[in-house]
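Have a look at the structure below before the remarks.
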Amino acid sequence: GIRYTLYPELGHGTWNKAFNEPDFFSWMLGKNKADIHSFENSTFICSTEGTRLELAEGFKAYQWQFNGAAISGATTAAFYAKNPGTYRARFSRVSNPTEAQWNQWSKPIVLTVANPPVATVAQIGTVVLNDLNGLANARLQSDAVHTHYYWYKNGTLLNLPGQEDDTLKLATIAPTFGNGAYTLVVSDLGCKSAPSAPKHIFFNDSAPVNITDPSNFAGFSTSPAKNTLTWTDASTNEGGFEIWKRKKNNGTSFSAWEIVGITGPNVKTFDDTKVEPNASYQYKIRAVSSTGRSNYVPSGDTGLVVQTVVDTEAPKAPIHLTASARGVQKLFLRWEPSTDNTRIREYHIFYNELSVPTGSSDTTFMLTGMPLNTRYDITVKGVDLSGNLSPASNVVKASTYFSGLYYQHSTGAWTDLDSVNWALAEFTGTVKEFTLSKKTQDDFYNFSFDGYILIDNGGSYQFRMGSDDGSRLWLNESLLINNNGVHELRTVTGAAVNLQAGPHRIYVQFFEYTQSDTLLVEYKGPDTGGAWTKISRDVLRSDESVITAIGPDNGPEDSFIVSVYPNPTTQNNITVQVETIIPDPVQVRLIDPVGRDLFVGIFQAEEISRGILISPAGTMNTGMYVVMVTQGNLRVRQKIIVRR
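Residue numbers (the working numbering): 509 to 1152.
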């Protein structure tokens, strides 16, 4: 069958990754026009209908077999298999072929009996319209994910507007479709379900008022996170009760009305757990059924007022805070959430004497604009809906000392630097110096490099760039060299600049169109004895205390080799091996597509040099993951494909 793979980190260069899949070309070469295509790759026959089998269209003659015997009348490209068993087919390029003029028989396909899926429908909001906000449309949604969705009114298939096909998981039903019983049929692997239980929709306030109103509607706050509502069921013909709510904002305004619950029949109480402490809410209730409704209670423009109680309980502390550098003067923080008797509104990050609110309940945050060459003690605290602050998390130490360059790399066919969207990147990481070695293809790509050059002796300096194709260089956020455009190797020298001793921000952009690719970045001044010198790893650092190499000839490329195998692999078969001349411990992290750690371990250099089998937490889905290996200042990221 066909496998769908999403490469969320890729753009124009997706084909590189796809072509490198180990089974890409073997899969392509394994396809044959003679093979039967089964609708949705189904190998099942449903109890409700047959399964569509098909050969390629356009030939002069077709023949089908079932369990080795010819099927009478099966002479077209498509055939609906009604019985479980073995099917095969063949075609001919001539009409009325002799035996010798038939193409080869297809590979057999075996179909077995399967039960069809079950369709269930949930309503979003009310189906007795218009609602309290005056909205006129009904919204129905499949409770589960299926391959196809077919919506019906009174047994007739709907033609929903604005779609090439109508297989929508969430369907918006407009008043023009009219009152009626709406059902859903779903399909998986060619098997269609029976119709779902109906949802009876009434439009334009047309539902008859034929249910007695509920009475004695009352409410009270039982906790800072819960309001309890009670009423008397005064009817015998309701299908359930709709509970509506709106929140009072500052002053006299209110939020829009929303349904917070739909009960079954004969229910007399409801707990609303989606409330905030010390807040005022208005509620309304009405009974509904497949044939009508009651009035809203209470009537009029206002509702039953319930004030939630004040919350004085502080959240629990967040745990497992980690910090990692993600760019120049950027620190990426991740932690496990606080817990609270209500809910967490946001987090506050504390770093040295400073703090910043995150503005959300997300458990990741990027600190940006951090002062250079500074060490930090960082903690995080949770803030609940009432502003109660949790105790601090664990303390993590991080710094903005840095060596080398952060790079971003993408693929695409650009002819100038201004056409590139530099805010997007397919690949990111660090390199020790300006290099194109991280490119993922030979043509049609770009790089940006960001870091610091350390000047030991202040004075007059010049910078120059040789590139094929275009390049630019900024120093201390001022454009110094513009070598843009499609061209062969061309060198451009910038004007002399006076630089004081210390770190200076250096940023380079480069793009390659076609043919050869080259990038050279050099400077001259007091630190180089006035001679043009390549900007090397020795000077790409933020402070003299930063160590950029183990020895004169032993940089990371020579002394730190990481292997992750096999690749592709399975969850229980991920082996990491590190060859290193450094005796320091080695950290291994396995990271999922959204950045969560599935494994973190620290190993002795001698142990990991023999290879270690890691054991991820939880169940890993099929997809791409990242193994990050760190030893001292050295770090390697390697992508792996995991299959279940």
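Every residue, glycine too, gets a C-beta built ideally from N, C-alpha and C.
Give the straight-line distance between the Cα atoms of residue i and residue j, rounded to the nearest whole angstrom.
i     : j     : result
A1009 : G966  : 5 Å
T866  : R754  : 27 Å
C554  : S701  : 9 Å
T820  : Q790  : 23 Å
G1063 : L862  : Annotation note: pLDDT 38 at G1063 (below 50); position unreliable, no value reported.
W506  : I719  : Residue 506 lies beyond the stretch modelled for the chain, which goes from 509 to 1152, so this question has no answer here.
F547  : T691  : 24 Å
V618  : D531  : 24 Å
S956  : I1120 : 35 Å
A569  : Q1085 : 58 Å
I1122 : L640  : 56 Å
V775  : S704  : 24 Å
P806  : D741  : 14 Å
T513  : D809  : 52 Å
N724  : R794  : 12 Å
K782  : F587  : 53 Å
P785  : Q1017 : 51 Å
T882  : Y909  : 7 Å
S927  : D964  : 37 Å
G1059 : R1045 : The predicted model places G1059 with a pLDDT of 36, which falls under 50 and marks its position as unreliable, so this point remains unresolved.
M1132 : K707  : 41 Å
E1065 : V1144 : Model confidence at E1065 stands at a pLDDT of 38, short of 50, so the residue's coordinates are unreliable; what they give is reported in the following sentence. Using only the alpha carbons, I get a separation of about 10 Å.
S729  : A652  : 34 Å
F533  : M878  : 48 Å
I857  : Y1021 : 43 Å
K947  : G1037 : 33 Å
V1134 : T744  : 60 Å
W610  : T675  : 39 Å
Just to confirm before moving on: does the CB-CB distance between residue i and residue j stay below 8 Å?
i     : j     : result
V814  : E750  : no
V904  : A833  : no
P826  : Y804  : no
L897  : R851  : no
L643  : Q631  : no
T1001 : R980  : no
I510  : A597  : no
T938  : Y914  : yes
G670  : F711  : no
L925  : F1019 : yes
N1075 : I1149 : yes
P732  : S802  : no
T551  : A589  : no
T620  : N735  : no
Select from the options the residue whose C-alpha is nearest the C-alpha of residue i.
i     : options                     : result
V1094 : N860, T1138, F533 and E1052 : T1138
T923  : Y960, D977 and F942         : D977
N524  : R1151, F910 and Y953        : Y953
P616  : T584, V635 and Q573         : Q573
P683  : I827, D696, I709 and D674   : I709
G800  : G748, I1082 and R998        : G748
E985  : L944, E996 and H1012        : H1012
K677  : S911, E1114 and Y657        : Y657
E1052 : T1026, F858, Y1031 and S911 : S911
N662  : S798, A726, G688 and F1111  : G688
S846  : S600, P823 and Q837         : P823
L1098 : G576, A931 and P1124        : P1124
G519  : P722, G920, G576 and I1082  : G920
W613  : V629, G581, Q571 and V626   : Q571
S763  : A787, T777 and G1140        : A787
T1026 : N667, V994, L1007 and F1107 : V994
H828  : A542, R1104, K539 and A1113 : R1104
L880  : N623, P516 and V836         : V836
R601  : A585, V629 and V621         : A585
T655  : S761, I1116, L697 and L875  : L697
So, under 8 Å CB-CB, residue i and residue j are touching, yes? Tell me the CB distance rounded to an integer number of Å.
i     : j     : result
T872  : R842  : 5 Å
I681  : A715  : Actually they are not in contact, since the Cβ atoms of I681 and A715 sit about 15 Å apart, beyond 8 Å.
V891  : S901  : Actually they are not in contact, since the Cβ atoms of V891 and S901 sit about 13 Å apart, beyond 8 Å.
S975  : N990  : Actually they are not in contact, since the Cβ atoms of S975 and N990 sit about 11 Å apart, beyond 8 Å.
F969  : A1004 : Here residue 969 turns out to be Tyr, not Phe, going by the sequence shown. Their Cβ separation, rounded to whole angstroms, is 7 Å, which keeps Y969 and A1004 in contact under 8 Å.
S1170 : A933  : Outside the shown range of the chain (509 to 1152) lies residue 1170, about which nothing can therefore be said.
N860  : Y884  : 6 Å
Closer than 7 Å to a non-hydrogen atom of the ligand ADP - does that hold for the CB of residue i?
i    : result
W752 : Ligands displayed in this structure: none; no statement on the ligand ADP is therefore possible.
Length at least 3, wholly inside the segment 855-934: the beta strand (DSSP E) runs in chain order: The segment 855-934 contains these whole beta strand (DSSP E) runs: 862-865, 872-875, 883-892, 904-907 and 913-919.
Secondary structure, beta strand (DSSP E): runs of 3+ residues fully inside the segment 1091-1139: If only complete runs of 3 or more residues are kept, the segment 1091-1139 shows the beta strand (DSSP E) at 1094-1099, 1105-1111, 1120-1122 and 1131-1139, in order along the chain.
3-residue-minimum beta strand (DSSP E) runs that sit fully inside the segment 752-778, ordered along the chain: Annotation note: the segment 752-778 contains the following uninterrupted beta strand (DSSP E) runs of length 3 or greater, listed N- to C-terminal: 766-770.
In chain order, each alpha helix (DSSP H) run of at least 4 residues that lies wholly inside the segment 521-561: As summarised for the segment 521-561, the continuous alpha helix (DSSP H) elements at least 4 residues long and confined to that stretch are 522-527 and 532-537, given in chain order.
Beta strand (DSSP E) segments (min. 3 residues) lying fully within the segment 585-665: Considered as a whole, the segment 585-665 harbours 586-589, 593-600, 617-622, 629-631, 646-650 and 656-661 as its complete beta strand (DSSP E) runs of no fewer than 3 residues, in chain order.
Completely contained beta strand (DSSP E) runs for the segment 794-842, where each covers 3 or more residues: DSSP runs (the beta strand (DSSP E)) wholly in the segment 794-842: 812-815 and 827-835.
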